[in-house]
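Numbering (our numbering), first residue to last: 61 to 375. Quick reminder that beta carbons are idealized off the backbone N, C-alpha and C, glycines included. Bear in mind that the values here come from a model prediction, so they are computed numbers and not experimental data. The structure appears right after this line, and notes come after that.
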Ligand code: NDP
């Protein structure tokens with residue numbers, strides 16, 4: 061069985077930042093990228109809010125930079141998916157691509173989260189070209205324009221409010237006749253003059269060739285269709301943390317996000333650390349993911365020093 065000191069699972073900003081720190085600490089990290097190397101930023105266009113890029117940078121180009129920096133200090137980056145873990149004993153065991161077994165002294169989980177989508181063909185085709193799952197990331201591109209947002213949870217309300225400050229008009233598409241969001245969030249939305257809530261409404265199609273030009277929606281009770289002249293279409297119907305392989309093996313909240321000790325990246329398993337969106341449903345930004353990636357590498361380094369010390373005392 062292959063033995064690894066620091067195993068990093070996932071290759072978004074959190075994973076790469078953990079790799080940069082761990083590699084510079086000469087811990088010889090091995091990273092398995094997952095099936096979408098680079099993570100969610102690979103499906104974004106321009107990133108304008110990551111500090112250090114005054115002119116902005118395309119999401120994929122930014123992830124190339126992260127990767128190059130991690131490689132520069134010797135991270136062993138491999139394409140592969142962690143398919144099973146056994147954290148019931150130490151060292152920690154992880155199976156890659158259902159066949160390769162590794163034994164790790166520490167594991168950094170940076171598997172991220174995936175936005176949920178409506179499932180329309182036009183939504184995927186125009187993703188990054190007017191369709192987005194992150195208002196905080198992309199809202200700025202639509203300032204002064206009319207946009208739509210789908211969803212009725214706290215995220216949708218928060219993002220609709222955020223968009224209302226930048227955009228001329230925000231249509232909020234709610235599939236039922238009530239919202240799931242907290243009352244406070246709802247009342248903020250309902251009291252914002254340039255947000256129009258479309259109750260009982262579903263999206264039929266997003267129209268446009270090279271970018272969003274409009275959205276066709278239908279009222280589920282009356283069957284009346286309406287064309288919304290929008291240039292931006294935001295989907296805020298929830299995120300799914302990528303934690304299937306950890307179910308029943310680690311502490312997670314009711315939505316499947318890994319639980320970390322506040323102020324650290326420590327999970328309930330000794331030697332296992334979590335960073336980025338897999339443990340954060342609140343901020344979900346590249347820069348916050350990178351920050352927690354740094355924390356995970358430092359926590360792993362301290363943990364390994366402590367283990368070595370324990371070993372020396374016993375020996
Ligand atoms: P939620 O799961 O809470 O809400 C998802 C929303 O999307 C629901 O209103 C749901 O509708 C709607 N939806 C789901 N699928 C579809 C679909 N196919 N078509 C149309 N609408 C759809 O996700 P959130 O991301 O809003 O929140 C996740 C968690 O994070 C929650 O616990 C939330 O409270 C928390 N959060 C807290 C914040 C804060 O406190 N500041 C900010 C943001 C999130 P329906 O209701 O009909 O099922």
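Looking at residue 308 and the ligand NDP, is the gap between the Cβ and the nearest heavy atom below 6 Å? no
Ignoring anything shorter than 3 residues or poking outside the stretch 242-282, list the beta strand (DSSP E) runs there in chain order. 255-258, 261-267 and 274-279
The ligand NDP heavy atoms versus the CB of residue 297: any closer than 6 Å? yes
Let me make sure I understand the geometry here. Which of 200, 301, 105 and 165 has the alpha-carbon closest to that of residue 149? 165
Residues in the same chain with beta-carbon distance under 6 Å from residue 140, minus the five sequence neighbours each way, listed in chain order, please. 92, 156 and 157
Is residue 215 close to the ligand NDP? I mean its beta-carbon at under 6 Å from any heavy atom of the ligand. yes
Just to confirm, does residue 178 get its C-beta within under 6 Å of one of the non-hydrogen atoms of the ligand NDP? yes
Is the beta carbon of residue 277 sitting closer than 7 Å to the one on residue 291? no
Which residue's Cα is closest to the Cα of residue 198: 229, 294 and 185? 294
Under a three-way DSSP split, which group does residue 301 fall into? strand
Taking 7 Å as the cut-off, decide whether the C-beta atoms of residue 70 and residue 171 are in contact. yes
Given that a residue counts as buried once 16 or more other Cβ atoms are within 10 Å of its Cβ, and exposed if not, what is residue 388? Residue 388 falls outside the range modelled here, since the chain spans only 61 to 375, and no answer is possible.
Would you mind working out which of 240, 344 and 268 sits nearest residue 216, comparing C-alpha positions? 240
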